[in-house]
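I have placed the structure first, in the form of C-alpha cells, so that the comments after it can refer back to it.
There are 2 protein chains.
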Amino acid sequence: MTDETEDEARHRAKMAKRKAVQDAEVASKTIAEKGLLIVHTGPGKGKSTAAFGLVMRALGHGWTVGVVQFIKGAWDTGERHALDRFGEQVRWHSMGEGFTWETQDRARDVAAATRAFDKARELMADPAIRLLVLDELNIALRYDYLPLAEVIETLKARRPDLTVVVTGRNAKPELIEAADTVTEMTLVKHHFAAGVKAQQGIEF
Amino acid sequence: MTDETEDEARHRAKMAKRKAVQDAEVASKTIAEKGLLIVHTGPGKGKSTAAFGLVMRALGHGWTVGVVQFIKGAWDTGERHALDRFGEQVRWHSMGEGFTWETQDRARDVAAATRAFDKARELMADPAIRLLVLDELNIALRYDYLPLAEVIETLKARRPDLTVVVTGRNAKPELIEAADTVTEMTLVKHHFAAGVKAQQGIEF
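Top line first, the protein sequences correspond to chains E and A.
Under the numbering used here, the final residue of the first sequence carries the number 1162; numbering is consecutive throughout.
Under the numbering used here, the final residue of the second sequence carries the number 1162; numbering is consecutive throughout.
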C-alpha cells in the first residue's frame, strides 16, 4: 500500500463520517412534524436574527407565523419590510414599549409583559399559526415580570403542531429544561483575537 | 429609607445598566456603513439560519444580495421560496453538489470548491451587491479544498461597503482573526439538562 492510497483511505473514512454529520444536520433542518420549543440564548449575536430566519423559512413554506416582541427595537425596519411581503401570513405584535430600561417603572413593566404574554396565549390558541416567536421573552422572565412556572406550563401545553421560539439572553434553567433545542450564541471574536495576539507577542 | 425605596433604587440602577446594554444591542443591529466580515461558526444550530435572517433583513432594506452555497442542502425549500419573493434582488448560486461526503473524490471536491469561490469573487466584484453570504465556506477551508491565505486576502480586499458572511463549523483561526464579528453557536440543551437532572437526583 503506497502512502497515497493510505491518504486516500483516510480521506475516504473522514469524509464518510463527515457525510453522516452533514446528513444529520440537513435532516434536522426539515420542518418538524412535531412542534418544538426552541430557545436562542447567550450573549452573542444572532439570537433574534436566527429566529427571524426561521420565520422567513416558515413563511416560504406557506405557514402563518406569529411574532410577539417583548422589547421594542430588537427587529429593525429591514426585517419589518421583508415580513410585509407576506401580508396576512404574518401576525406581528410589538408589545415592549413600556419596559423599565426606558421607563424605570416596575409596575408598568409587569403590566406590559403581562399584556405581551396574553397576546402570546391568544396566538397560541389560533390553529392557523404553526410558528410563534416570543422575541426577548427571556428578558421579561429574568426580571420576574411574568410568573415563570405559569409561562413554562403554557409553553409546554402548546398544540402538538405549534413550534415556539423564545429568544433573549439569560434563559432561565427551567425554560432550558423544558425546551427541545437550545442554542447559545457566544461572541468569540474578542477573546480569540486576544489569544492570537499573545502568540504573536511570543513569536515576534 | 424604607426597604421598598432601597429595592426601587436597586431596581432603577439595574435597569439603567440594562438599558445601556440594550441600547448598544439595538445600535449594533443597524446596518453598518462599513462592510463587515462576519463569521457564524460552532457546532450548534442557527449558523445558516442567522445568515439567512441577515439576507432577508438586507432585502427588506432594498439591497441586492448574493449567496453562494458551498454545500448543497444547507438551506431548504422554505428559504428558497421566501427569497423568490425578492426576484432580481437575490443572486443565488448553489455550487456544492460535488462535495466529498457525497462523492468521496477529492480532486472533484477541489474543483467544485474552486468554482464556488470563483463565483464568490464574481459577486464580490459586482457593485450592486451589498451583502454576500458564503454558506459553508468553512467546510471547504477545513478540508483544504481552497488556499486559505488567498481566500482570506480576497475577503479582506472586499469593497468597503460590502458585508460578507461566512458560515460553517470549524472556522479557521486565520479567518476568525480577519473577521470583524464572530459568533459561535453552541448546542447547550443536552449537557445543561444533564446538570439539572443531577441536581434533581440529589434533591429527591
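Even for Gly, the Cβ is constructed at its ideal location relative to N, Cα and C.
Query                                                                                                                                                                                         : Result
To the nearest angstrom, report how far apart Arg1015 (chain A) and Gln1047 (chain A) are at their CA atoms.                                                                                  : 12 angstroms
Counting only beta-carbon atoms, is Leu1012 (chain E) nearer than 8 angstroms to chain A?                                                                                                     : yes
Shorter than 8 angstroms from the beta carbon of Lys1147 (chain A) to some beta carbon of chain E?                                                                                            : yes
Return helix, strand or coil for Arg1064 (chain A), following the three-state DSSP convention.                                                                                                : helix
Are there 16 or more other CB atoms within 10 angstroms of the CB of Thr1125 (chain A), so buried, or fewer, so exposed?                                                                      : buried
Quick check: the Cα distance between Ala1041 (chain A) and Gly1018 (chain E), rounded to an integer number of angstroms?                                                                      : The amino acid occupying residue 1041 (chain A) in the given sequence is Leu; Ala does not appear at that position. Near 8 angstroms, if we compare the C-alpha coordinates of Gly1018 (chain E) and Leu1041 (chain A).
Taking 8 angstroms as the cut-off, decide whether the C-beta atoms of Gly1004 (chain A) and Ala1008 (chain E) are in contact.                                                                 : yes
Answer yes or no: do Val1026 (chain A) and Ile1134 (chain A) have a C-beta to C-beta separation smaller than 8 angstroms?                                                                     : no
In the DSSP assignment, what residue or residues form a beta bridge with Asp1093 (chain E)?                                                                                                   : E:Gln1027
Please state the DSSP three-state secondary structure of Leu1145 (chain E).                                                                                                                   : strand
Cβ closer than 7 angstroms: which chain E residues qualify as neighbours of Arg1043 (chain A)?                                                                                                : Arg1043
Going by beta-carbon coordinates alone, are Phe1028 (chain E) and Ala1074 (chain E) separated by less than 8 angstroms?                                                                       : yes
Tell me the DSSP secondary structure of Leu1041 (chain A) in three-state form.                                                                                                                : helix
Look at the Cβ atom of Asp1138 (chain A), then the Cβ atom of Leu995 (chain A), and state whether they are nearer than 8 angstroms.                                                           : yes
Buried or exposed: Met1082 (chain E), going by 16 or more other Cβ atoms within 10 Å of its Cβ?                                                                                               : buried
Check whether the Cβ of His1019 (chain E) lies closer than 8 angstroms to any Cβ atom in chain A.                                                                                             : yes
With the cut-off set at 8 angstroms, would you say Met1143 (chain E) and Gly1036 (chain E) are in Cβ contact?                                                                                 : no
With distance defined between alpha-carbon atoms, name the residue in E:Ala1071, E:Pro1118, E:Lys1147 and E:Ala1070 nearest to Pro1085 (chain E).                                             : E:Pro1118
Pick out whichever of A:Met1053, A:Asp1034 and A:Gly993 has its Cα sitting closest to the Cα of Trp1021 (chain A).                                                                            : A:Gly993
How far does the alpha helix (DSSP H) with Leu1179 (chain A) in it extend, from its first residue to its last?                                                                                : Since the first residue shown for chain A is 959 and the last is 1162, residue 1179 (chain A) is missing from the structure and cannot be characterised.
Return the first residue and the last residue of the beta strand (DSSP E) that Arg1127 (chain A) is part of.                                                                                  : No beta strand (DSSP E) contains Arg1127 (chain A), which DSSP labels as neither H nor E.
Check whether chain A comes within 8 angstroms of Met1053 (chain E), counting only Cβ atoms and requiring the distance to be less than that.                                                  : no
For Leu1106 (chain E), which residues from the same chain have a beta carbon less than 7 angstroms from its beta carbon, with the 5 sequence-adjacent residues on both sides left out?        : Leu1099, Lys1130 and Glu1132
Just by C-beta distance, which residues in the stretch 1116-1132 of chain E are closer than 7 angstroms to chain A?                                                                           : Pro1131
Determine the direct distance from the alpha carbon of Leu1120 (chain A) to that of Asp1076 (chain A), and round the result to whole angstroms.                                               : 17 angstroms
Anything in chain A within Cβ reach of Lys1003 (chain E), meaning under 7 angstroms, just list it in chain order.                                                                             : Thr1139 and Thr1141
For Ala1069 (chain A), is the classification buried or exposed, using 16 other Cβ atoms within 10 angstroms of its Cβ as the cut-off for buried?                                              : exposed
Pull up the DSSP beta-bridge partners for Val1140 (chain A), would you.                                                                                                                       : A:Val997
What residue does the beta strand (DSSP E) around Arg1163 (chain A) start on, and which one ends it?                                                                                          : No statement about residue 1163 (chain A) is possible, as the shown extent of chain A runs from 959 to 1162 and does not include it.
Just the Cα atoms here: how many angstroms apart are Leu1113 (chain E) and Arg1038 (chain E)?                                                                                                 : 25 angstroms
Could you pull the start and end residues of the alpha helix (DSSP H) that Arg1015 (chain A) belongs to?                                                                                      : Lys1005 to Gly1018
Which residue comes first and which comes last in the alpha helix (DSSP H) that contains Ala1083 (chain A)?                                                                                   : Counting along the chain, Ala1083 (chain A) falls outside any alpha helix (DSSP H), and DSSP gives it neither H nor E.
Report the rounded CA-to-CA distance for His1051 (chain A) versus Leu1092 (chain A), giving the unit in angstroms.                                                                            : 10 angstroms
Excluding the 5 residues preceding and the 5 following Leu1145 (chain E) in the sequence, name in chain order all residues of the same chain whose CB lies nearer than 8 angstroms to its CB. : Pro1001, Gly1002 and Lys1003
Taking Cβ positions only, does Arg1038 (chain A) come closer than 8 angstroms to chain E?                                                                                                     : yes
Closest by CA to Arg1088 (chain E), which one among E:Val1109, E:Tyr1101, E:Arg1116 and E:Ala974?                                                                                             : E:Arg1116
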